[in-house]
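See structure below.
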Amino acid sequence: MMKRLMIAAFAATIGLVASACGGSSEKLYLFNWIYYIPEDVIEDFSKETGIQVIVDSYASNEEMYNKIVGGGDGYDIVVPSGDYVSIMIAEGLLEPIDTSRLANYGNLDPAAVARIGFDPGNRYSVPFMMAAAGVSVNRTKVSGYEHSWSVFDRSDLGGRMTMLDDMREVLGAALKSLGYSVNDPDPAHIEEARRVVERWKPNLVKFDAESFAKSFASGEFWVVQGYAENVFIEYPEARRAEVDFFFPKEGMPMYMDSFCVLRGAKNVERAYAFIDYMLRPDVAARVADYLMLPSPNVPARALMKVEPNYDFDDLARGEFKEDLGREALKLYNDAWRRIRVGN
Amino acid sequence: MRREPGGLYAAPSTIWLTVFFLAPLAIIVAYSFLTPGVRGGVEWKPTLDAYRAIANPTFAKVTLNTILVAIGATAITLLIALPCGYYMARSERQTLLLMLVMIPFWTNFLIRIYAWIAILGNEGFLNDILLALGLVDESVQFLYNRGAVMLVLVYTYLPYAILPLYSTIDKFDFSLLEAARDLGASKLGAITRVLLPNVKGGILTAFLFTFIPIFGAYAVPLLVGGTESYMLGNLIADELTKSRDWPLASAISLVITLVTTIGVLLLLRANGASTLGGAREAKAEPEPAFGGAR
Numbered sequence: 016m017m018k019r020l021m022i023a024a025f026a027a028t029i030g031l032v033a034s035a036c037g038g039s040s041e042k043l044y045l046f047n048w049i050y051y052i053p054e055d056v057i058e059d060f061s062k063e064t065g066i067q068v069i070v071d072s073y074a075s076n077e078e079m080y081n082k083i084v085g086g087g088d089g090y091d092i093v094v095p096s097g098d099y100v101s102i103m104i105a106e107g108l109l110e111p112i113d114t115s116r117l118a119n120y121g122n123l124d125p126a127a128v129a130r131i132g133f134d135p136g137n138r139y140s141v142p143f144m145m146a147a148a149g150v151s152v153n154r155t156k157v158s159g160y161e162h163s164w165s166v167f168d169r170s171d172l173g174g175r176m177t178m179l180d181d182m183r184e185v186l187g188a189a190l191k192s193l194g195y196s197v198n199d200p201d202p203a204h205i206e207e208a209r210r211v212v213e214r215w216k217p218n219l220v221k222f223d224a225e226s227f228a229k230s231f232a233s234g235e236f237w238v239v240q241g242y243a244e245n246v247f248i249e250y251p252e253a254r255r256a257e258v259d260f261f262f263p264k265e266g267m268p269m270y271m272d273s274f275c276v277l278r279g280a281k282n283v284e285r286a287y288a289f290i291d292y293m294l295r296p297d298v299a300a301r302v303a304d305y306l307m308l309p310s311p312n313v314p315a316r317a318l319m320k321v322e323p324n325y326d327f328d329d330l331a332r333g334e335f336k337e338d339l340g341r342e343a344l345k346l347y348n349d350a351w352r353r354i355r356v357g358n
Numbered sequence: 017m018r019r020e021p022g023g024l025y026a027a028p029s030t031i032w033l034t035v036f037f038l039a040p041l042a043i044i045v046a047y048s049f050l051t052p053g054v055r056g057g058v059e060w061k062p063t064l065d066a067y068r069a070i071a072n073p074t075f076a077k078v079t080l081n082t083i084l085v086a087i088g089a090t091a092i093t094l095l096i097a098l099p100c101g102y103y104m105a106r107s108e109r110q111t112l113l114l115m116l117v118m119i120p121f122w123t124n125f126l127i128r129i130y131a132w133i134a135i136l137g138n139e140g141f142l143n144d145i146l147l148a149l150g151l152v153d154e155s156v157q158f159l160y161n162r163g164a165v166m167l168v169l170v171y172t173y174l175p176y177a178i179l180p181l182y183s184t185i186d187k188f189d190f191s192l193l194e195a196a197r198d199l200g201a202s203k204l205g206a207i208t209r210v211l212l213p214n215v216k217g218g219i220l221t222a223f224l225f226t227f228i229p230i231f232g233a234y235a236v237p238l239l240v241g242g243t244e245s246y247m248l249g250n251l252i253a254d255e256l257t258k259s260r261d262w263p264l265a266s267a268i269s270l271v272i273t274l275v276t277t278i279g280v281l282l283l284l285r286a287n288g289a290s291t292l293g294g295a296r297e298a299k300a301e302p303e304p305a306f307g308g309a310r
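These protein sequence lines map, in sequence, to chains A and B. The first sequence runs contiguously to residue 358 in this note's numbering. The second sequence runs contiguously to residue 310 in this note's numbering.
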């Protein structure tokens, strides 16, 4: 999900406001990505069930994790990405979930669920949304390119291309371009990937996860790696056809955000009710419409009113980012540091 | 005999500094000698790994880049600020000019950086003008390089240099310049040998107020810098939030703090007895608005 922005403070304000109004005793504490579930969806849940949802938001997995580990208890539901689901399972932070108690669990795309490696069998997590960063090209400025990571080898586009300031996304892209897994722990492969990024680097104007979408929309950058939702929220609606958003044919890193119940949660029953509500096709469709993303909820797809930024099938080439573990993580960090600092 | 209540008066600032400066500094020192946790934080196993990592040439490169940018940007800032301060001190409309220097502070620092992006971008105002005038055939890449970082840093910290210089020069007795001329000094000689030595304290203050924050710059290189504009501030932030090597981030911060402190002490000493004099000269310095995002 959008790892970004200094809007967390704003989110916290919303959380406060939300918690200030309404006084029903039935409460559920949700710790969620910022701008992930539209407010009216949550309001409707409260109307239907009488459960008041108190929302607090975060802008990155790290932020959420540090807050939970740092003693930020009191939340019932969190929505980590896959790698953090496995981390939190290993650290004993999550309560097992009995998916048979979720009437709508069967709506989830079995093909997507089968690919989950971070929580095989979904014993602790219920998939919510999946997506990936891709490449956006300004068609009016660039032509004659393949839907491949090799677009970043184009030195004629030097000064007009950016990649994310994100270790996993950039090294993942390089690993995929070499035909390796985005979670490859082999030092030789990581080194190879580093060299690929070093080869791309002279053609990149910068590594940017903050303002690339704005600059892409203004015509400043022509080829950017990033999340479709970031790009299209900035791009003028009328000129959307100018944007070619694609996932490279070699594949790409991908994430799945899932609902998890925190160990020691006080409102487990209400958490089940909320997760089941979110799995309902009409609700899942509203969320997907809002995010303009394809839904992993099969019956929801037919109910969507907005054309998503890409098809669910496009994600077939993606590979979930998994927790790397201490050793591989260190290799990735070292490679990324060398790339960023430049030798 | 009545007791001197000075200690009591100083208590709030002493407590403030202890809690919000010394205590965090102590944490940074402690963390820099510990083992990084896998996902951030520290494990309580002492090690010198962080300091070994700093010895790595990669860090030397970032440090060198940071020093170059900081020295360059500070020098340019001072060269622009000196004549500005001089002009303001001699002007009849000091209040108006002071206002003009302060006005940029009314706008958020980040918004002003984005304004520079709008001006200097490939599709920015400056390139639009150059293209319209036919001076260039295609957009000039002004942004995303070291030059852009220095330009925006100079812009950002110019007021911090102008204000102390102005307040020092304002207290300078300009009849001394006339006396120097009367005694045969050239115009330039009078300025370099009479004015400048007398406003040394202001120059030193201006230097410290610009060099130190520029040395720790984070947002400017992040937003207008390119792939090669990485500075120590960015390195610390990335180690803390992305690589999540807190001990390394702490060690780098500590080295910067030490280098800065030693540098300041050396400068003050080089400035000799006039240190305190300098401080006295510049006593009307406006308090800079530190504490905001840099």
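The beta-carbon is built from N, C-alpha and C at its ideal position, and this holds for glycine as well.
Can you give me the Cβ contacts of residue i inside the same chain, cut-off strictly under 8 Å, excluding the 5 residues immediately before and after it?
i, result
"B:Ile-133", "Gly-140, Leu-159, Leu-239, Val-240"
"B:Gln-157", "Asn-138"
"B:Leu-212", "Ile-219"
"B:Asn-72", "none"
"B:Tyr-130", "Leu-239"
"B:Thr-30", "none"
"A:Asp-201", "Tyr-195"
Which residue comes first and which comes last in the alpha helix (DSSP H) that contains residue i?
i, result
"A:Lys-62", "54-64"
"A:Val-298", "296-306"
"A:Gly-159", "Counting along the chain, A:Gly-159 falls outside any alpha helix (DSSP H), and DSSP gives it neither H nor E."
"A:Leu-346", "340-356"
"B:Leu-14", "The shown model of chain B, from 17 to 310, leaves out residue 14 of chain B, and the question about it has no answer."
"B:Thr-226", "216-231"
"B:Glu-20", "Unbroken run through B:Glu-20: none, as it is neither H nor E."
"A:Ile-290", "283-293"
"A:Ile-205", "202-215"
"B:Lys-203", "203-206"
"B:Pro-237", "235-240"
In the DSSP assignment, find the beta strand (DSSP E) that holds residue i and state where it starts and stops.
i, result
"A:Thr-177", "176-178"
"A:Ile-69", "67-73"
"B:Phe-190", "Segment: none, B:Phe-190 is in no beta strand (DSSP E) and carries neither H nor E."
"A:Ala-331", "Counting along the chain, A:Ala-331 falls outside any beta strand (DSSP E), and DSSP gives it neither H nor E."
"B:Thr-51", "50-52"
"B:Pro-62", "58-62"
I'd like the list of long-range same chain contacts for residue i, defined as Cβ closer than 7 Å, with 5 residues on each side in sequence excluded.
i, result
"A:Pro-323", "Ala-303, Met-307, Leu-308, Pro-309"
"A:Glu-257", "Asn-153, Arg-154, Thr-155"
"A:Arg-209", "Ala-350, Arg-353, Ile-354"
"A:Phe-260", "Gly-149, Ser-151, Ala-243, Val-246, Asn-324, Tyr-325"
"A:Ala-118", "Asp-291"
Among residues of its own chain, excluding the 5 on either side of residue i, which ones have a beta-carbon nearer than 6 Å to its beta-carbon?
i, result
"A:Pro-53", "Tyr-305"
"B:Arg-162", "Ser-245"
"A:Asp-338", "Asp-98, Ser-101, Ile-102"
Secondary structure at residue i, three-state DSSP: helix, strand or coil?
i, result
"B:Ile-145", "helix"
"A:Lys-191", "helix"
"A:Lys-320", "coil"
"B:Val-271", "helix"
"B:Leu-16", "Absent from the model: residue 16 of chain B. The displayed extent of chain B is 17 to 310, so no value can be given."
"A:Glu-41", "coil"
"A:Gly-149", "strand"
"A:Val-185", "helix"
"A:Met-144", "strand"
"B:Ser-245", "coil"
"B:Leu-41", "helix"
"A:Ser-273", "strand"
"A:Asn-361", "Any answer about residue 361 of chain A is impossible in this case: the structure gives chain A only from 16 up to 358."
Three-pair Cβ contact test at 8 Å for the region 44-64 of chain B versus the region 263-272 of chain B: Contact between the region 44-64 of chain B and the region 263-272 of chain B is present, because at least three Cβ pairs lie under 8 Å.
Those runs of the alpha helix (DSSP H) which lie wholly inside the region 64-143 of chain B and span at least 4 residues: Counting whole runs of 4 or more residues, the region 64-143 of chain B contains the alpha helix (DSSP H) stretches 65-70, 73-106, 110-118, 125-136.
Touching by the beta-carbon criterion (3+ pairs, under 8 Å), the region 178-191 of chain B and the region 218-226 of chain B: With three or more CB-CB distances shorter than 8 Å, the region 178-191 of chain B counts as touching the region 218-226 of chain B.
Continuous beta strand (DSSP E) assignments of at least 3 residues falling wholly in the region 223-271 of chain A: Here the runs fully enclosed are 238-242, 258-261.
Sequence ranges, beta strand (DSSP E) only - wholly within the region 67-132 of chain A, length at least 3: Correct list: 67-73.
Contact the region 91-101 of chain A vs the region 44-51 of chain A: 3+ CB pairs below 8 Å: Counting C-beta pairs closer than 8 Å gives three or more between the region 91-101 of chain A and the region 44-51 of chain A, which meets the contact rule.
At least three beta-carbon pairs within less than 8 Å, the region 223-237 of chain B to the region 103-110 of chain B: The region 223-237 of chain B is not in contact with the region 103-110 of chain B.
The region 187-200 of chain A contacting the region 268-283 of chain A, beta-carbon criterion three pairs below 8 Å: Three or more Cβ pairs drawn from the region 187-200 of chain A and the region 268-283 of chain A lie within less than 8 Å of each other, which places the two stretches in contact.
Three CB pairs or more closer than 8 Å across the region 224-231 of chain B and the region 90-98 of chain B: Yes, the region 224-231 of chain B touches the region 90-98 of chain B.
At least three beta-carbon pairs within less than 8 Å, the region 284-298 of chain A to the region 63-77 of chain A: Touching, per the Cβ criterion.
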